[in-house]
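**Q**
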Amino acid sequence: MIPDERKREFEAAIRRDIPRNMLVEVRTLFPRAAEQADVAVSTSHKAVTDGLPLSRYRQSRSVGLMRYNIIDEAFEQILARNGAEFVKSVPVEYTPDEVKLAPVHLTTGVLGHTMVGFASHRELIDTPVKNATRRALCYQNRGLLPDFFHPPEMFSDRQRLVLIMVRRDPNVLGNIASLTLSVLDSKQETFIYQSDIDDFLANYGADGAASAKRRVVLKPIKGGFKDASGDGSRDQNEK
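Going by full-length UniProt numbering, the first residue of the sequence shown is number 1, and it counts up by one from there.
#1: Only counting the same chain, and skipping five residues up and downstream in sequence, which positions put a Cβ closer than 6 angstroms to that of residue 182?
#2: State buried or exposed for residue 133, treating a residue as buried only when at least 16 other CB atoms are found within 10 Å of its CB.
#3: I need the DSSP call for residue 15, collapsed to helix, strand or coil.
#4: Return the bridge partner residues of residue 49 from the DSSP annotation.
#5: In terms of residues, what are the limits of the alpha helix (DSSP H) holding residue 68?
#6: Please list the terminal residues of the continuous alpha helix (DSSP H) segment that includes residue 28.
#7: If you check the beta carbons only, do residue 117 and residue 85 fall under 8 angstroms apart?
#8: Let me check understanding here. Comparing Cα to Cα, which of 3, 14, 7 lies closest to residue 115?
#9: By Cβ distance, which residues of its chain are closer than 6 angstroms to residue 112, with the 5 residues on each side in sequence left out?
#10: Residue range of the alpha helix (DSSP H) that residue 144 falls in?
#11: Take residue 159 as the anchor and find which of 140, 44, 7 has the nearest alpha-carbon.
#12: Identify whether residue 161 lies in helix, strand or coil by the three-state DSSP scheme.
#13: Can you tell me whether residue 196 is helix, strand or coil according to DSSP?
#14: What is the C-beta distance between residue 180 and residue 124, in whole angstroms, given that I count them as a contact (C-beta under 8 angstroms)?
#15: Residues in the same chain with beta-carbon distance under 7 angstroms from residue 91, minus the five sequence neighbours each way, listed in chain order, please.
#16: Can you tell me whether residue 100 is helix, strand or coil according to DSSP?
#17: Are the CB atoms of residue 156 and residue 167 within a distance shorter than 8 angstroms?
#18: Sorted by chain position, which residues of the same chain lie with C-beta nearer than 6 angstroms to residue 74's C-beta, five sequence neighbours on each side aside?
This is the structure in structure tokens:
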């Protein structure tokens, strides 16, 4: 983790870019998506004559897949409603003289200098599953930690990646245990910064307290990330 002064710099930069209402929607809709996934799977056998209920093991796996897809849908709509641009590629330096654009296959939005995505983990300290897209995205966080040759960069020196980490309740399939706003290092080895989403929201100030209680309703969004990319199948392997 980083010193308090550095932490405040990160938080100020993120709050400048990410509207408070966007995180309010995340806090409201992600748990709803988890509950919807559990209900959809656990009651599916009742929708047909003589349907087969799943074993606990298969139900857990099916709920996990369903939860990911419903959260992905909710997140895409949240990004669109809050004016984010969808990230299709990011620059990656393969050698000092070779920089290429790496494709992004996970739903990711950018607001100002901050890219926002989501991922899941079992424990708060667990970093998300590594894959090609996430490696390319986390590469954008290079320079945030000092090394022997370079001083640390400012958060706003380039576009950075912030992940909303989703941790499900290990005992209740339809519950989410925590939502944390997190910044990973460029090698995906450790979290440089983490904050519970409620704590992060509280420090925006009291100006949006009323909006936090507002009932959030999903609205149809046309031209979403998956439709535009034409690559909806690959995201299943990118969780």
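Glycine is no exception: its CB is placed at the ideal position from the N, C-alpha and C atoms.
**A** According to the structure data:
#1: Against the sequence shown, residue 182 aligns to sequence position 182. Excluding positions up to five away in sequence, the list reads 163, 165, 191, 194.
#2: Along the sequence shown, read from residue 1 onward, the residue named residue 133 stands at position 133. Looking at its Cβ environment, which holds 16 or more other Cβ atoms inside 10 Å, residue 133 is buried.
#3: The sequence position of residue 15 within the sequence shown is 15, counting from 1. If DSSP states are grouped into helix, strand and coil, residue 15 belongs with the helices.
#4: Within the sequence shown, the letter at position 49 stands for residue 49. Paired residue(s): none; residue 49 is not in a bridge.
#5: The residue labelled residue 68 in the question sits at position 68 within the sequence shown. Per DSSP, the unbroken alpha helix (DSSP H) holding residue 68 starts and ends at 56-81.
#6: Position 28 of the sequence shown, counted from the first residue, corresponds to residue 28. For residue 28, the enclosing alpha helix (DSSP H) begins and ends at 20-42.
#7: As a working mapping, residue 117 is identified with position 117 in the sequence shown. As a working mapping, residue 85 is identified with position 85 in the sequence shown. No. Outside cutoff.
#8: Position 115 of the sequence shown, counted from the first residue, corresponds to residue 115. The candidate whose alpha carbon is nearest that of residue 115 is 14.
#9: Counting from one through the sequence shown, the residue named residue 112 turns up at place 112. These residues qualify, in order along the chain: 17.
#10: The count along the sequence shown starts at 1 and reaches residue 144 at position 144. Run containing residue 144: none; DSSP gives neither H nor E here.
#11: Counted from its first residue, the sequence shown places residue 159 at position 159. Out of 140, 44, 7, 140 has the C-alpha closest to the C-alpha of residue 159.
#12: Here residue 161 corresponds to residue number 161 of the sequence shown, with the count starting at 1. Looking at residue 161 - three-state DSSP - the assignment turns out to be strand.
#13: Start at 1 with the first residue of the sequence shown, and residue 196 comes out as number 196. Residue 196: strand per DSSP, three-state reduction.
#14: As a first step, residue 180 is located in the sequence shown; it is residue number 180 there, counting from the start. As a first step, residue 124 is located in the sequence shown; it is residue number 124 there, counting from the start. Contact flag correct, Cβ pair sits at about 7 angstroms.
#15: Within the sequence shown, numbered from 1, the residue matching residue 91 stands at position 91. In chain order, 99, 101 place their CB closer than 7 angstroms to the CB of residue 91, counting only its own chain and leaving out the 5 sequence neighbours on each side.
#16: Along the sequence shown, read from residue 1 onward, the residue named residue 100 stands at position 100. Residue 100: strand per DSSP, three-state reduction.
#17: Counting from 1 along the sequence shown, the entry for residue 167 is found at position 167. Counting from 1 along the sequence shown, the entry for residue 156 is found at position 156. Cβ atoms of residue 167 and residue 156: not closer than 8 angstroms.
#18: Residue numbering aside, residue 74 sits at position 74 when the sequence shown is read from its first letter. Once the five neighbours on either side are set aside, the close Cβ partners of residue 74 are 29, 33.
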